[in-house]
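Trainee:
Residue numbers (my numbering): 42 to 116.
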């Protein structure tokens, strides 16, 4: 697992992006919002389903195991 973290660090150093920007760029490239809409994923209030799914995808890259860990972290 540590080797994978080093690979992520290399990508971040090389591109000078934050993890958020990299993930958001990939999501835009694959029209993630449209995919969620077409699959019927929706919410009535609060953050959009797309934003929540994006955040959950980013957790492993930020080495976070849960929403509580995210809340307690510096992110």
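All C-beta atoms in this analysis are idealised placements derived from N, C-alpha and C, irrespective of residue type, glycine included.
All of these numbers come straight from a predicted model, not from anything done at the bench.
(1) Start and end of the alpha helix (DSSP H) containing residue 99?
(2) For residue 95, count neighbouring Cβ atoms within 10 angstroms of its own Cβ and tell me buried if that reaches 16, exposed if not.
(3) Per DSSP, what kind of secondary structure is residue 48 in: helix, strand or coil?
(4) On the three-state DSSP scale, how would you describe residue 68?
(5) What residue from 108, 103, 114 has the CA that sits closest to residue 64's CA?
(6) Please determine, among 47, 69, 91, the residue with the shortest C-alpha to C-alpha distance to residue 78.
(7) Could you compute how far the alpha carbon of residue 81 sits from the alpha carbon of residue 88?
Mentor: On the basis of the coordinates in this document:
(1) 90-99
(2) buried
(3) helix
(4) helix
(5) 103
(6) 91
(7) 16 Å
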